[in-house]
Every structure is written in structure tokens, then in C-alpha cells.
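> Quick one: structure below, then a few questions.
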Amino acid sequence: MPWAEIGTLLGMLAAVVVILLLAWLFTRYLAGRAPGTMRFSRSREGQLELLERLPLGREQYLAAVRTGDTILLLGVTGSQITLLRELSAEEASAWTEHTAPPCGETGTPMPFQDALREVWKQRKK
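In the numbering used here, the protein residues as written are 132 to 256.
Structure below.
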């Protein structure tokens with residue numbers, strides 16, 4: 132095999148690797164900017180926390196956000212964020228005092244295989 136053909140082959144291989152790398156970087160960039168996704172970075176004092184998110188539609192959801200001692204209920208769409216109300220201490224107690232186990236009554240996470248089975252059963256109905 133002549134050196135020119137080896138060089139051409141290595142050049143094509145390098146081009147494919149560069150294209151795949153650029154596609155991966157572009158996908159990561161788009162994933163961060165997708166509508167309906169929220170990325171909260173903790174501030175230096177840790178004053179902003181997303182407590183819960185409830186999807187309402189394709190690009191719409193309700194979000195409960197803690198800012199210091201205040202809990203806000205926000206309506207979020209693809210184009211805007213609206214403050215629906217500031218929750219009182221009694222209303223906010225669901226997030227501040229209630230510590231329900233994440234899965235089931237035991238508090239132990241459900242194995243993936245069991246969770247997949249449950250989802251599959253629900254889909255068949």
C-alpha cells in the first residue's frame with residue numbers, strides 16, 4: 132500500500148473523528164438551551180434551590196423554588212417565567228417539614244428492574 136493511500140486514509144479517519152467530536156459538542160450545547168429544561172447552579176451561599184417541578188404540558192410546568200426562607204410557586208413556559216404566588220409558612224411546610232421516603236414505605240430505592248416492570252405494566256393498560 133503506497134504512502135499516499137495511507138495518508139489519505141488517515142486524513143479521512145481524522146475528519147470523521149473531528150466531525151463526531153463537533154456533533155457531540157453541539158449536542159451538549161443544545162441540551163443546555165432546550166426549552167423546558169432548567170439548570171440551577173448553587174449560588175455561593177446556597178440560597179436558590181428547586182424543590183419540585185410538576186409538568187403541565189410540552190413546555191409548561193409549575194416549579195416550587197426556595198430562595199432563602201421564602202418558597203415561591205412559579206409558572207414556567209418556553210417563553211416566560213411567572214410568579215404565581217409566594218407560599219405562606221403553612222403552605223410551605225409540605226417542603227420544609229415533610230420528609231417522605233423516596234420510594235415506597237421503606238425508604239429504600241426500588242431496583243431498576245422492578246421500576247421498569249411497573250412502568251411496563253402501566254403502559255399496557
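No residue lacks a Cβ here, since even glycine has one placed at the ideal position from N, Cα and C.
Put R159 into one of helix, strand or coil per three-state DSSP.
Taking the first residue of the sequence shown as 1, we reach residue 159 at position 28. The answer is helix: DSSP assigns R159 an H, G or I state.
> Please state the DSSP three-state secondary structure of G209.
Residue numbering aside, residue 209 sits at position 78 when the sequence shown is read from its first letter. Residue state, collapsed to three classes: coil.
> Rounded to whole angstroms, what's the CA-CA distance from L203 to R216? Just pull it up for me.
To locate residue 203, count along the sequence shown from 1; it is residue 72. To locate residue 216, count along the sequence shown from 1; it is residue 85. Taking the straight line from one Cα to the other gives about 6 Å.
> Taking the alpha-carbon positions, what's the R184 to S210 distance?
Position 53 of the sequence shown holds residue 184. Position 79 of the sequence shown holds residue 210. Taking the straight line joining both Cα atoms gives about 17 Å.
> Relative to the C-alpha of A194, which candidate in W134, V207, L179 has its C-alpha closest?
Residue mapping note: residue 194 aligns to position 63 of the sequence shown, counting from 1. Out of W134, V207, L179, V207 has the C-alpha closest to the C-alpha of A194.
> For L182 versus R197, is the C-beta distance shorter than 7 Å?
For the purposes of this step, residue 182 is taken as residue 51 along the sequence shown, with counting starting at 1. For the purposes of this step, residue 197 is taken as residue 66 along the sequence shown, with counting starting at 1. A contact, by the Cβ cut-off of 7 Å.
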